[in-house]
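In this note's numbering, the protein residues as written are 131 to 236. All C-beta atoms in this analysis are idealised placements derived from N, C-alpha and C, irrespective of residue type, glycine included. Reading through the structure tokens given below for one structure.
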């Protein structure tokens, strides 16, 4: 099992709009395809910062979920373009982490 911690930078002044879109569209869409979105946060020290966490059961499951989401026609034609309009894609940072033995997230 592993998690992705994904840190995004919204375009200046558009974080509130991004959070609404994320919570109303992106997360429900991904969850409908089996993605486990564990958490969603706004950065309290960066007015345009946003962080979310996804959980994966293993490598094969992660690859299958990536394909299901990012190769889906709705993602390519509708959701993806809006995401790229609200965020600064080149500032995205994705960190893959595994819980330690004592972690509550095991």
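218 is the residue among 233, 135, 226 and 218 whose C-alpha sits nearest the C-alpha of residue 178. When secondary structure is reduced to three states using DSSP, residue 166 falls in the strand class. In terms of Cβ geometry, residue 173 and residue 184 do not form a close pair [threshold 8 Å]. Out of 163, 208, 140 and 135, the CA that lies nearest to the CA of residue 170 is found in 135. With 16 or more neighbouring CB atoms inside 10 Å of its own CB, residue 145 falls in the buried class. Under the three-state reduction of DSSP output, residue 210 falls in the helix class. A direct Cα-to-Cα measurement between residue 153 and residue 222 gives close to 18 Å. Excluding sequence positions up to five before and after residue 228, its CB lies within less than 8 Å of the CB of 131, 132 and 133, all in the same chain and listed in chain order.
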